Amino acid sequence: MPWRLSVFFNGMHIRDQDYMHLFETPSPHPTVHIFGKADEFYDYGRDGFGYKPQEEYYEDPLIFTHEEGHNFPTQPPRSRQIYSRVASEVWRRCGGRPP
171 MPWRLSVFFN GMHIRDQDYM HLFETPSPHP TVHIFGKADE FYDYGRDGFG YKPQEEYYED
231 PLIFTHEEGH NFPTQPPRSR QIYSRVASEV WRRCGGRPP
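Under the numbering used here, the letters of the sequence shown match residues 171 to 269, in that order.
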């Protein structure tokens, strides 16, 4: 089964220098990144801790933020907007039609 899309919720940058070389050139693999601004690790994850932020490892990532913490967004209307866009991207990349 081909891997067509990665979706990251509150993802982090690479912290092990043994693997940083793998992303010297951004990957064309499609990605979606969702970050909670109230996450205690938000700033750490956003500044790359001296490295580059996670979404810079990929070409043309889709990036969404919400006002909650280190969790899946639950507060409408933003949570619905994010999940709708993520679902649309999954359908677009993986084929088929939404129910």
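The beta carbon of each residue, even a glycine, is placed where N, CA and C say it ideally should be.
Fair warning: this is a prediction, and the values are worked out from it, not measured in the lab.
Inset, instruction - Measure the C-alpha to C-alpha separation of LEU221 and ASP213 and round it to an integer number of angstroms. - result: In the sequence on display, residue 221 carries Tyr and not Leu. Approximately 13 Å, taken between the alpha carbons.
Legend entry - Inter-residue CB distance, HIS203 and PRO246 (contact presumed, cutoff 8 Å): Actually they do not touch by this definition, with Cβ atoms about 21 Å apart.
Inset, instruction - Let me know if THR195 comes out buried or exposed under the rule of 16 or more other beta-carbons within 10 Å of its beta-carbon. - result: exposed
Legend entry - Per-residue DSSP class, three states only, for ILE204: strand
Legend entry - Residue environment, GLU305, which counts as buried when at least 16 other CB atoms sit within 10 Å: Shown here, the chain extends from 171 to 269; a query on residue 305 therefore has no answer.
Legend entry - For ILE233, the first and last residue of its enclosing beta strand (DSSP E): 232-236
Legend entry - HIS221, DSSP secondary structure in three states: It should be pointed out that residue 221 corresponds to Tyr in this sequence rather than to His. It is coil, neither helix nor strand.
Inset, instruction - To the nearest angstrom, report how far apart PHE242 and ARG262 are at their CA atoms. - result: 22 Å
Inset, instruction - Flag this pair as yes or no: are the beta carbons of HIS240 and ASP209 separated by less than 7 Å? - result: yes
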